[in-house]
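These protein sequences, in sequence, are chains A and B. With the working numbering applied, the first sequence covers 706 to 929. With the working numbering applied, the second sequence covers -13 to 109. We treat Cβ as the ideally placed atom computed from N, Cα and C, and that holds for glycine. The structure displayed is predicted, hence computed values, not measured ones. Notes follow the structure.
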Amino acid sequence: MKVIRSKGPEIFDIELEKDLLAKNRSLARENRKKLDGLNILAIDIMGSIGSGKTSLIKAILKELGMGQKVAVIAGDLTTTIDAQRIEEEGARVIQINTGKECHLDAHLIRQAMKRMKLEGVEILFVENVGNLICPGEFPLGAHKRLVVVSVTEGPYTLLKHPYIFKEADVIVLNKIDLAKAMKVSLSKLERDAKQVSPRVPFIRTDALKGIGISKVMNALGLEL
Amino acid sequence: MHEFSVSSEIVRTVLDTAEKNHGKRVLSIQLEIGELALLNLEQVTFWIQELFKGSVAEGAKIKVKIIKARISCGACGHEGKNSSGQKDLFQHLIPLSCPKCGSTQIKVEKGRECTLKKIQVLK
Chain A
706 MKVIRSKGPE IFDIELEKDL LAKNRSLARE NRKKLDGLNI LAIDIMGSIG SGKTSLIKAI
766 LKELGMGQKV AVIAGDLTTT IDAQRIEEEG ARVIQINTGK ECHLDAHLIR QAMKRMKLEG
826 VEILFVENVG NLICPGEFPL GAHKRLVVVS VTEGPYTLLK HPYIFKEADV IVLNKIDLAK
886 AMKVSLSKLE RDAKQVSPRV PFIRTDALKG IGISKVMNAL GLEL
Chain B
-13 MHEFSVSSEI VRTVLDTAEK NHGKRVLSIQ LEIGELALLN LEQVTFWIQE LFKGSVAEGA
47 KIKVKIIKAR ISCGACGHEG KNSSGQKDLF QHLIPLSCPK CGSTQIKVEK GRECTLKKIQ
107 VLK
């Protein structure tokens, strides 16, 4: 901080140069360091409300069959519905209720990691708050970021929200079984994804039936 | 969409700084916001003004400088504006390809800032 006297004896300019998003980025780096130290692979799952984030995590947990070696941080505004659904698969779960906040941030993840028992955990999933806008700007320290988009969101989601898809390491198109009913073209959505994020794996899934899940796991580096 | 939390953080920093420096009043604050930051300026200034009410910063002038976006291309080395001349609306916000060679290997060099540059206080 630099204080400079200016314009008269009692007026001072205080130079701050404080980047407000930088604080989150530095906390995210600290989270990553802690995760690396514990040898935990962390995956941030983002996507709209109702896109199938929880269903996708459940499907992956089922395939992994690793029980308490997997932990999940479930972000939600007020309920514990997602945490309960995930608990059914035998993973350790911690719920973060953000209240009115529209995204998780690195600080909330740091607090959650302090509260949870991480010994013996090999994989950590973070289910972000349902939102395609804010989470993109707030890295959490995860090694991989996955965005789920579902057919029921209509044909334009990828083009309307390119930012979050550009941030993603894996894009999952869920609910492919509903494409006909929704009159949505899967290949059009795939073309949109390639336009926004050409080098990012794009995987079609039906999470409830377990279709495409092994490909998602491959893309995330979760070999069985 | 996270304008409220970003604004709260700005307000907290301004008031802390004013207190530490024994400021009686905050006269103005200066922000730099990148045009690619996902922040609506009207909302940000509205929330700052609202949150300043009842504090030493009530009525402070809020100056905002917009930082123009600049990208660099990993394929041809081009550095410059993000506009590619494509007509899609979102091109203004998120550059997808290099305006020179069309490669998608681009990196945003500038335009995502959200910086509290300085504040002016009356002691």
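- Distance from the CA of alanine 43 of chain B to the CA of isoleucine 838 of chain A, rounded to the nearest whole angstrom, comes to 31 Å.
- Note that the C-beta distance between valine 777 of chain A and phenylalanine 830 of chain A is below 9 Å.
- In this structure valine 921 of chain A touches isoleucine 765 of chain A by the C-beta definition: roughly 7 Å separates them, less than 8 Å.
- Rounded to whole angstroms, the separation of the alpha carbons of arginine 737 of chain A and alanine 811 of chain A is 10 Å.
- Taking C-beta separations shorter than 6 Å and ignoring five residues to either side along the sequence, the partners of threonine 101 of chain B in its chain run Glu18, following chain order.
- A check of alpha carbon separations from alanine 847 of chain A across A:Arg815, A:Met821, A:Arg797 and A:Lys822 identifies A:Arg815 as the nearest.
- Around glycine 20 of chain B, the same chain offers Ile53, Gly97, Arg98 and Glu99 as residues with beta carbons nearer than 6 Å, after the five sequence neighbours per side are excluded.
- Here the C-alpha atom of leucine 845 of chain A lies approximately 23 Å from the C-alpha atom of lysine 865 of chain A.
- Contact residues of the region 731 to 755 of chain A toward chain B are absent (C-beta to C-beta distance below 8 Å).
- Per DSSP, the beta bridge partners of valine 853 of chain A are A:Gly752 and A:Val877.
- Comparing C-alpha distances from lysine 93 of chain B to each of B:Glu5, B:His8, B:Ile(-4) and B:Leu22 shows the shortest one belongs to B:Leu22.
- Rounded to whole angstroms, the gap between the alpha carbons of glutamine 773 of chain A and valine 826 of chain A is 7 Å.
- The C-beta separation of leucine 725 of chain A from glutamate -5 of chain B comes to about 5 Å, placing the pair in contact by the 8 Å criterion.
- Secondary structure note for glutamine 800 of chain A: its beta strand (DSSP E) is the uninterrupted segment 797 to 802.
- Against valine 708 of chain A, the close residues of chain B are Asn7, in the order they occur along the chain (beta-carbon pairs closer than 7 Å).
- Shortest Cα-Cα distance from phenylalanine 717 of chain A to any of B:Asn7, B:Phe38, B:Asp2 and B:Arg(-2) involves B:Asn7.
- Comparing alpha carbon positions, the residue from A:Pro840, A:Asn836 and A:Arg734 closest to glycine 757 of chain A is A:Asn836.
- Annotation: glutamine 29 of chain B has no Cβ neighbours in chain A at a cutoff of 8 Å; minimum Cβ distance is about 13 Å.
- The three-state secondary structure of isoleucine 916 of chain A, taken from DSSP, is strand.
- The Cβ atoms of asparagine 833 of chain A and glycine 752 of chain A sit closer than 9 Å to each other.
- Beta-carbon to beta-carbon, valine 12 of chain B and alanine 46 of chain B are separated by about 4 Å, close enough to satisfy the 8 Å threshold.
- Non-local beta-carbon contacts of leucine 863 of chain A in its own chain, meaning distances under 7 Å to residues more than five positions away in sequence, involve Val854, Phe870, Leu894, Asp897, Ala898 and Val901 in chain order.
- Ranked by Cα distance from glutamate 95 of chain B, the options B:Arg56, B:Ser(-7) and B:Gly40 are led by B:Arg56.
- Here the alpha carbon of leucine 746 of chain A sits roughly 11 Å from the alpha carbon of lysine 739 of chain A.
- Under the three-state reduction of DSSP output, cysteine 839 of chain A falls in the helix class.
- Listed in chain order, the positions of the region 811 to 843 of chain A with a beta carbon within less than 9 Å of a beta carbon of chain B are Asn836, Ile838, Cys839, Gly841, Glu842 and Phe843.
- Close to aspartate 897 of chain A, with beta-carbon spacing below 9 Å, lies no residue of chain B; the smallest spacing is near 11 Å.
- Taking a contact as a CB-CB distance under 8 Å, the pair leucine 37 of chain B and serine -7 of chain B counts as one, their CB atoms being some 6 Å apart.
- The continuous beta strand (DSSP E) containing aspartate 724 of chain A extends over residues 716 to 724.
- A Cβ-Cβ separation of about 7 Å places leucine 878 of chain A in contact with threonine 910 of chain A under the 8 Å criterion.
- DSSP lists no bridge partner for threonine 785 of chain A.
- In the DSSP annotation of this structure, the continuous segment of the alpha helix (DSSP H) that includes valine -8 of chain B starts and ends at -11 to 6.
- With respect to serine 890 of chain A, proline 860 of chain A sits close: the two C-beta atoms are nearer than 9 Å.
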